[in-house]
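Q:
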Amino acid sequence: PTRNVLSRAEGEHIFRIVQEALGNTARHAGASGVQLRIAQAESRFDLEIRDDGIGLRGDGDGGIGFATMRERAELIGARFEIVDMSPGVRISLSVPIRAR
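Plus 10 on top of the position in the sequence shown (first one is 1) and you've got my numbering.
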């Protein structure tokens with residue numbers, strides 16, 4: 011039987027994106043809290059990370075960590091978005107799930 015699941019490679023990229031996002035929050039955001047939301051539907055896996063830190067401090071692209079996260083998202087065909095909410099940053103990822 012076929013199932014709609016993420017591949018091992020997709021899971022690894024998602025894990026590394028979360029790891030980088032939480033690391034950035036810990037190192038740079040000055041946040042007192044972070045929220046992680048994960049949802050899976052029949053055809054996609056959604057992830058959202060929000061912090062209440064200082065935002066992107068005017069550098070717009072978020073630096074090399076965000077570039078790496080964006081590259082990983084592209085490798086798995088995911089939609090990736092970073093929003094400076096000042097205060098805070100929201101990172102969202104939506105990965106299409108294929109039948110395997």
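Where a beta carbon is used, it is the ideal one built from N, C-alpha and C, also for glycine.
In this text, all values refer to a predicted model and were calculated from it rather than measured experimentally.
From what residue to what residue does the alpha helix (DSSP H) around Gln-37 run?
A: According to the sequence provided, residue 37 is Arg. The question's Gln does not apply to it. Neither: Arg-37 is in no alpha helix (DSSP H) and is coded neither H nor E.
Q: Among Gly-98, Leu-103, Phe-25, Ala-19, which residue has its Cα nearest to the Cα of Leu-66?
A: Gly-98
Q: If you drop the 5 nearest sequence neighbours on each side, which residues of the same chain put their C-beta closer than 6 Å to that of Arg-80?
A: Once the five neighbours on either side are set aside, the close Cβ partners of Arg-80 are Phe-90.
Q: Taking 8 Å as the threshold (C-beta atoms), are Ile-64 and Ala-83 in contact?
A: Not a contact, by the Cβ cut-off of 8 Å.
Q: For Glu-52, which three-state DSSP category applies?
A: Three-state result, Glu-52: coil.
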